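Participant:
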Amino acid sequence: MSNKARFITLEGSEGAGKTTALNTVKNQLEQWQVPYIVTREPGGEETAELIRDILLQSKHLEPITELLLMFAARHEHVKKVIEPGLKQGTWVISDRFVDASFAYQGFGRGLDLDFIQHLEQLTVDKNQPDLTLWLDVAPEVGLKRASMRSEKDRIEQENHDFFKRIRDGYRHRQAQYPQRIKTIDANRSVQAVQEQISSLMQSYDHWVNP
Ligand code: Z5A
Numbered sequence: 000m001s002n003k004a005r006f007i008t009l010e011g012s013e014g015a016g017k018t019t020a021l022n023t024v025k026n027q028l029e030q031w032q033v034p035y036i037v038t039r040e041p042g043g044e045e046t047a048e049l050i051r052d053i054l055l056q057s058k059h060l061e062p063i064t065e066l067l068l069m070f071a072a073r074h075e076h077v078k079k080v081i082e083p084g085l086k087q088g089t090w091v092i093s094d095r096f097v098d099a100s101f102a103y104q105g106f107g108r109g110l111d112l113d114f115i116q117h118l119e120q121l122t123v124d125k126n127q128p129d130l131t132l133w134l135d136v137a138p139e140v141g142l143k144r145a146s147m148r149s150e151k152d153r154i155e156q157e158n159h160d161f162f163k164r165i166r167d168g169y170r171h172r173q174a175q176y177p178q179r180i181k182t183i184d185a186n187r188s189v190q191a192v193q194e195q196i197s198s199l200m201q202s203y204d205h206w207v208n209p
């Protein structure tokens with residue numbers, strides 16, 4: 000068995016179903032019998048979780064403040080959890096990572112993509128995901144699912160056009176990195192989504208059985 004630990008991220012906009020996807024990925028890693036941790040962004044580490052509370056609970060944040068806090072949290076997360084984990088041979092699954100900043104802060108809030116890329120180089124450096132599952136859901140489908148939830152945080156309260164721009168952002172990233180970012184059609188039933196993810200994960204069997 001190859002002992003190179005892999006870094007897998009899950010992305011998607013509101014109501015995409017990342018929680019279900021996460022369970023399907025975990026099942027595959029358990030079948031492969033590889034050690035793994037599950038983490039999330041913003042957050043995933045003590046200080047980063049404190050920053051998450053500011054990000055999600057503040058009534059108003061300037062877009063640049065939001066962007067800088069996302070990357071401050073990410074840098075703590077990368078340096079204290081992701082990088083050491085991978086070095087020790089532990090696989091890392093993260094619910095969201097840097098693509099979310101391009102989609103939400105870049106496309107959603109309209110911040111400069113070159114500036115975001117510069118922050119990415121500074122804070123993430125070589126710790127890039129090996130595989131990203133982008134759960135692509137139409138905003139009207141995702142927002143309907145999410146509306147079942149009782150309380151919405153600051154970002155979840157944004158309107159339909161914002162989530163349309165997020166989807167454009169993810170499309171743009173997928174076109175830029177087609178080898179890494181794989182599109183999952185998340186408009187379909189839970190079972191159909193699980194099947195697509197399982198079969199995609201199985202196509203990476205060579206990672207563990209070279
Ligand atoms: N954010 C950012 O702006 N910039 C960044 O760089 C980063 C993040 C890293 C994090 O909030 C927020 O931060 C997020 C992006 C922003 N804001 N938004 N929007 P979070 O972690 O609290 O929220 P989230 O990432 O959006 O996660 P979530 O809401 O928990 O997950 P989800 O993908 O939206 O969905 P879910 O909980 O798995 O499913 C939603 C519901 O739909 C649930 O009731 C399911 O049972 C149901 N569901 C799921 N799949 C299906 C299918 N296929 N059919 C029918 N129903 C389904």
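Going by numbering that gives the first Met the number 0, the sequence shown opens with residue 0, and the numbers climb by one from there. A virtual CB, placed ideally from N, CA and C, is assigned to each residue, including glycine. Please read all numbers here as calculations on a predicted model, not as lab measurements.
Starting from the C-beta of Arg164, find all residues in its chain whose C-beta is less than 6 angstroms away, skip the five residues before and the five after it, and write them out in chain order.
Facilitator: As a position in the sequence shown, residue 164 is number 165, starting the count at 1. Same-chain partners within the cutoff: Phe106, Gly107.
Participant: Using the beta-carbon count (16 or more within 10 Å), is Arg166 buried or exposed?
Facilitator: The residue given as residue 166 occupies position 167 in the sequence shown. Classification for Arg166: buried.
Participant: Identify the continuous beta strand (DSSP E) that holds Tyr169 and give its terminal residues.
Facilitator: Residue numbering aside, residue 169 sits at position 170 when the sequence shown is read from its first letter. Careful: Tyr169 lies outside any beta strand (DSSP E), inside the alpha helix (DSSP H) at 159-175.
Participant: Considering only residues of the same chain and omitting the five flanking positions on each side of Val189, which have a CB-CB separation below 8 angstroms?
Facilitator: Within the sequence shown, the letter at position 190 stands for residue 189. Excluding residues within five positions, the ones whose Cβ falls inside 8 angstroms are Gly16, Thr19.
Participant: Using a Cβ distance threshold of 8 angstroms, determine whether the stretch 18-34 contacts the stretch 76-83, with at least three qualifying pairs required.
Facilitator: Short answer: they don't touch.
Participant: State the Cα-Cα distance for the pair Gly43 and Glu119, rounded to the nearest angstrom.
Facilitator: Residue mapping note: residue 43 aligns to position 44 of the sequence shown, counting from 1. Residue mapping note: residue 119 aligns to position 120 of the sequence shown, counting from 1. About 17 angstroms.
Participant: Straight-line CA distance for Ala71 to Phe101?
Facilitator: As a position in the sequence shown, residue 71 is number 72, starting the count at 1. As a position in the sequence shown, residue 101 is number 102, starting the count at 1. For Ala71 and Phe101, the distance between alpha carbons rounds to 15 angstroms.
Participant: With a 10 Å radius around its C-beta and 16 neighbouring C-beta atoms as the bar for buried, classify Asp184 as buried or exposed.
Facilitator: The sequence position of residue 184 within the sequence shown is 185, counting from 1. Classification for Asp184: exposed.
Participant: Spell out whether any CB of chain D is found under 8 angstroms from the CB atom of Asp152.
Facilitator: Protein chain content of the structure displayed is limited to a single chain, and chain D is not contained in it.
Participant: Excluding the five sequence neighbours on either side, which residues of its own chain have a C-beta within less than 7 angstroms of the C-beta of Leu112, listed in chain order?
Facilitator: The residue given as residue 112 occupies position 113 in the sequence shown. Counting only Cβ-Cβ distances below 7 angstroms, and skipping sequence neighbours, we find Phe101, Gly105.
Participant: Return the bridge partner residues of Val37 from the DSSP annotation.
Facilitator: Residue mapping note: residue 37 aligns to position 38 of the sequence shown, counting from 1. Paired residues: Ile92.
Participant: When the Cβ atoms of the stretch 145-154 are set against those of the stretch 190-201, are three or more pairs found closer than 8 angstroms?
Facilitator: The stretch 145-154, when compared against the stretch 190-201, does not touch it at the 8 angstroms Cβ threshold.
Participant: Starting from the C-beta of Leu66, find all residues in its chain whose C-beta is less than 6 angstroms away, skip the five residues before and the five after it, and write them out in chain order.
Facilitator: Here residue 66 refers to the residue found at position 67 when the sequence shown is read from its first residue. Closer than 6 angstroms at the Cβ level, and outside the excluded window around Leu66, lie Gln104, Leu110.
Participant: Can you list, in chain order, the residues of its chain with a C-beta nearer than 8 angstroms to that of Asn126? Leave out the 5 residues immediately preceding and following it.
Facilitator: By one-based count along the sequence shown, residue 126 stands at place 127. Closer than 8 angstroms at the Cβ level, and outside the excluded window around Asn126, lie Phe6, Val77, Ile81, Glu82, Leu85.
Participant: Would you mind giving the Cβ-Cβ distance between Arg73 and Glu48, rounded to the nearest angstrom? I have them listed as a contact below 8 angstroms.
Facilitator: For the purposes of this step, residue 73 is identified with residue 74 of the sequence shown, where counting begins at 1. For the purposes of this step, residue 48 is identified with residue 49 of the sequence shown, where counting begins at 1. Not really, about 12 angstroms apart at Cβ, beyond 8 angstroms.
Participant: Give me the Cα-Cα distance between Ile180 and Lys58, rounded to the nearest whole angstrom.
Facilitator: As a first step, residue 180 is located in the sequence shown; it is residue number 181 there, counting from the start. As a first step, residue 58 is located in the sequence shown; it is residue number 59 there, counting from the start. Cα to Cα, Ile180 sits roughly 33 angstroms from Lys58.
Participant: Any idea what DSSP makes of Gly105, helix, strand or coil?
Facilitator: The count along the sequence shown starts at 1 and reaches residue 105 at position 106. In the structure shown, Gly105 sits in a helix (DSSP, three-state: H, G or I).
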